[in-house]
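Visitor:
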Amino acid sequence: MPASPRADLDSLPPYVPGKSVPGAIKLASNEVPLAPLPSVADTIAQATSSVNRYPDMGSYALLERLSTGLGVPQQQVAVGCGSVSLCQQVMQAMCNSGDEVLFAWRSFEAYPILAQVVGVRQRTVPLDEHHVHDLDAMLDAITPETRVVFVCNPNNPTGTVVRTAALERFLDAVPSHVLVVLDEAYAEFVNGPDVPDGLRLVAERDNVAVCRTFSKAYGLAGLRVGYLVGQPTIVEAVRKTCIPFSVNALAQAAAVASLDAADELLSRCADISRERDRVRAALLDQGYAVPESMANFVWLPLGDRAAEFAEHALANKVVVRPFAGDGVRVTIGTPEENDTLLEATRTF
Ligand code: PMP
């Protein structure tokens, strides 16, 4: 009998990345539109001189830097090859076969793929009519088999947030056998009140972990590095699921250099958040029902017209991210790029 792959992979949907189209503005992958700072680029260049050696498998310098900066002990931090890897590792670390993970839908499109690859059951709960996590319904959907609940905050692709009081009520009611993972990939773009700070919740509660990334606010999407903060037993288990050396040497060096330049990078995020609010206001004026976003993107709930809109945008030299039958996610770019987008939305 020939070697044959797992039959269930036939039904696995591919992860569809945002397209890069020559000559068009890419507002499709929630990246920041700015090149790395010179200090970060220099550090990366210097680190290339030793890529004949394996990277530090413990990411010691980065862990130390994160631990000091976040004010948590090192044994409460794990780093990974992007936070997407940490989402997968959490499932591997927490779930036996037959166990379940729970998340809202629509949310980060990797969750269902990772769950299937890992081989755990998945349960989803629709967002409410405001495109926000329906935490009461998620609580009702928890079963004795549920091991992990992902709360993506702000939510990709809608940009919406759950508020502090609502999340705290949810956490109070979640059974103790469940780990709640707050996926805060876009935390640095939040600029409103009453949005929970996952790190505070980790400090206060045993069954909460937080995932964050250097891909978005820190502009290192191409290098693949993220981190998870949680209780030491969870972190230790997550580290065990890591493929050896998966956080490469350039990524480790660049992440440390980015933390050194955090003030400048976070002030860029504040600019992007202001642009986001400008773009949303303009879209509301144009008649689009865009929910309030706290991330570096906005959501156009266009339903069946999502694909048609993406084609129209591309004809106007803007690449956006359509989710067929549901809506379109548009990343915030530079002010000029956003103006091009707003011209495309005006003529749709
Ligand atoms: N979580 C969310 C909600 C995301 O949108 C993304 C990136 N699209 C990730 C995690 C993963 O980011 P990365 O692997 O680049 O750190």
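Numbering (my numbering), first residue to last: 6 to 353. Where is the CB? At the ideal position from N, CA and C, for every residue including glycine.
1. Just the C-alpha distance for V213 and V95, rounded to the nearest angstrom, thanks.
2. Per DSSP, which one or two residues make a beta bridge with L307?
3. Would you kindly report the start and end of the unbroken alpha helix (DSSP H) that includes C92?
4. Among the candidates V295, L14, G63 and M6, whose CA atom is the shortest distance from the CA of E241?
5. As a quick exercise: from H136, E105 and P131, pick the residue whose alpha carbon is nearest that of V123.
6. Use the C-beta contact count for L271: other C-beta atoms within 10 angstroms, 16 or more gives buried, fewer gives exposed.
7. Could you check where the alpha helix (DSSP H) with T73 kicks off and where it finishes?
8. Would you give the residue range spanned by the beta strand (DSSP E) that L204 belongs to?
9. Among the residues of its own chain, which have a CB less than 7 Å from the CB of L67, if the five just before and after it don't count?
10. Check the DSSP bridge columns for P131 and list the partner residues they point to.
11. Answer yes or no: do V234 and L204 have a C-beta to C-beta separation smaller than 8 Å?
12. Does K221 pass the burial test, meaning 16 or more other C-beta atoms within 10 Å, or should it be called exposed?
13. Answer yes or no: the CB of F113 versus the heavy atoms of ligand 1, is any distance below 7 Å?
14. Please classify I248: is it buried, with 16 or more other beta-carbons within 10 angstroms of its beta-carbon, or exposed?
15. Would you check if the distance between the CB atom of V185 and the CB atom of V179 is smaller than 8 Å?
16. Cα-Cα, which of P43, F219 and T169 is closest to V200?
17. I'd like the span of the alpha helix (DSSP H) that includes D268, first residue to last.
18. Counting only the same chain and skipping the five closest in sequence on each side, list residues whose C-beta sits under 6 Å from that of Q79.
19. Would the beta-carbon of Y59 fall within 8 Å of that of F175?
20. From what residue to what residue does the alpha helix (DSSP H) around V45 run?
21. For the structure I just gave you, are there three or more beta carbon pairs, one from the stretch 123 to 132 and one from the stretch 295 to 305, closer than 8 Å?
22. For E173, does the three-state DSSP call read helix, strand or coil?
23. May I ask you to verify whether the stretch 39 to 59 touches the stretch 115 to 122, counting CB pairs closer than 8 Å and requiring at least 3?
24. With distances taken from each beta carbon to the nearest heavy atom of ligand 1, which residues come in below 6 Å, in chain order?
25. Using C-beta distances below 8 Å, list every residue in its chain close to D309, excluding the 5 sequence neighbours before and after it, in chain order.
26. Per DSSP, E105 is paired with what?
27. What's the call for H136, buried or exposed, on a 16-neighbour Cβ count within 10 Å?
Guide: On the basis of the data shown:
1. 12 Å
2. Answer is none; L307 lacks a bridge partner.
3. S88 to M99
4. G63
5. E105
6. exposed
7. Y65 to L75
8. Element bounds for L204: not the beta strand (DSSP E) but the alpha helix (DSSP H), G203 to E209.
9. V84, Q257, A260 and V261
10. W110
11. yes
12. buried
13. yes
14. exposed
15. yes
16. T169
17. A267 to D290
18. L68 and S72
19. no
20. P43 to A52
21. no
22. helix
23. no
24. N35, G87, S88, V89, F113, C157, N161, D188, A190, T218, S220, A226 and G231
25. G330
26. R126 and T151
27. buried
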